[in-house]
């Protein structure tokens, strides 16, 4: 079975990534692609408990290292319980935040060393890296204004209670700079999206990037199959799949008769 694809969304507070993650998952399902929509912190029962602890305004203040350890504990469970099983089953995983958030929030903005985060990344995430990361870029002031405008939407943390949204403007400027640096350093994985546009416009741009990546993926699949067929002619037969089903079936039966049924009464 072909492994599913892993796509992550990143961005500062109020950048619209959660909305766009949901829209992408919905569009994939319309296209017949089985997609799992998940989030970090969270995405599994244990990880959701960690999320509640981290976002609870009553939680005592703690260091960037303490935060990173909690995030990676939640991520380890999320990977084991949700992400890796879905990918192994051929499902696509659309995740609202992943490791880049920890690199930026606790690393770039929080001051935790890259060596410490790198060790945690190797231990917990290892090869389970996203094929595509979509960074929604928005000026911090605009994003925080959006976050405050969410009001009392059920299930949405408010800017006056979310401890990350309450941090000083310089923290949010460092967040944005960190995301931009990652996007610039890893262009094969990361795509920078202007988060200031209308949701439908942003969704269309995102879908364009996903379609291009999906097309490239299928081209690589075809090239791989052709290479195997050429390398192993004694075992493999190449069939033109563009013909009518009955025509293809007759050709297949001819190969089966010649290869496997000689001498069979």
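Residue numbers (this note's numbering): 85 to 349. Quick reminder that beta carbons are idealized off the backbone N, C-alpha and C, glycines included.
Leaving out five residues on either side along the sequence, give the residues of the same chain with a beta carbon under 6 Å from the beta carbon of residue i.
| i | result |
| --- | --- |
| residue 321 | 339 |
| residue 242 | Any reading at residue 242 needs caution, since the residue's pLDDT is 44, under 50, leaving its predicted position unreliable; the model's value is listed next. Once the five neighbours on either side are set aside, residue 242 has no close Cβ partner at all. |
| residue 165 | 128 |
| residue 342 | none |
| residue 233 | none |
| residue 297 | 216 |
I'd like the list of long-range same chain contacts for residue i, defined as Cβ closer than 8 Å, with 5 residues on each side in sequence excluded.
| i | result |
| --- | --- |
| residue 226 | 98, 280 |
| residue 201 | 152, 186, 187, 190, 191 |
| residue 95 | 101, 219, 220, 221, 222, 227, 263, 279 |
| residue 229 | 98 |
| residue 331 | none |
| residue 212 | 90, 163, 167, 168, 171 |
Rounded to whole angstroms, how far is the Cβ of residue i from the Cβ of residue j, which I believe are closer than 8 Å?
| i | j | result |
| --- | --- | --- |
| residue 122 | residue 179 | 5 Å |
| residue 217 | residue 273 | 5 Å |
| residue 175 | residue 120 | 5 Å |
| residue 149 | residue 196 | 6 Å |
| residue 125 | residue 134 | 5 Å |
| residue 161 | residue 136 | Between residue 136 and residue 161 the Cβ distance is about 14 Å, and since that is not below 8 Å, they are no contact. |
| residue 266 | residue 277 | Not quite, the Cβ-Cβ distance comes to about 14 Å (not below 8 Å), so this is no contact. |
Between the options, which has its C-alpha nearest residue i's C-alpha?
| i | options | result |
| --- | --- | --- |
| residue 261 | 229, 287, 220 | 220 |
| residue 104 | 303, 290, 304, 215 | 290 |
| residue 88 | 167, 312, 267 | 167 |
| residue 159 | 196, 206, 113 | 206 |
| residue 177 | 144, 118, 196 | 118 |
| residue 208 | 224, 284, 154, 294 | 154 |
| residue 253 | 284, 170, 224 | 224 |
| residue 275 | 284, 258, 285, 294 | 294 |
| residue 344 | 319, 210, 333, 327 | 319 |
| residue 106 | 333, 284, 314, 304 | 284 |
| residue 184 | 313, 270, 306 | 270 |
| residue 108 | 210, 292, 303 | 292 |
Between which two residues does the alpha helix (DSSP H) carrying residue i extend?
| i | result |
| --- | --- |
| residue 255 | 253-269 |
| residue 229 | 224-233 |
| residue 104 | 101-114 |
| residue 172 | 168-172 |
| residue 161 | 148-162 |
| residue 184 | 183-186 |
| residue 205 | 198-208 |
| residue 139 | 129-139 |
For residue i, which beta-bridge partners are listed by DSSP?
| i | result |
| --- | --- |
| residue 218 | 93, 275 |
Would you give the residue range spanned by the beta strand (DSSP E) that residue i belongs to?
| i | result |
| --- | --- |
| residue 178 | 176-180 |
| residue 340 | Counting along the chain, residue 340 falls outside any beta strand (DSSP E), though it belongs to the alpha helix (DSSP H) covering 329-344. |
| residue 119 | 119-123 |
Short of 7 Å in beta carbon distance, which residues of its chain neighbour residue i, apart from the five on each side in sequence? Order them along the chain.
| i | result |
| --- | --- |
| residue 335 | 323 |
| residue 198 | 191 |
| residue 214 | 90, 91, 92, 182, 273 |
| residue 204 | 152, 156 |
| residue 193 | 255, 258, 259, 262 |
| residue 112 | 119, 176 |
| residue 147 | none |
| residue 337 | none |
Quick one: does residue i have its CB under 8 Å from some CB of chain C?
| i | result |
| --- | --- |
| residue 170 | Of the chains in the structure shown, none is chain C; there is only one protein chain. |
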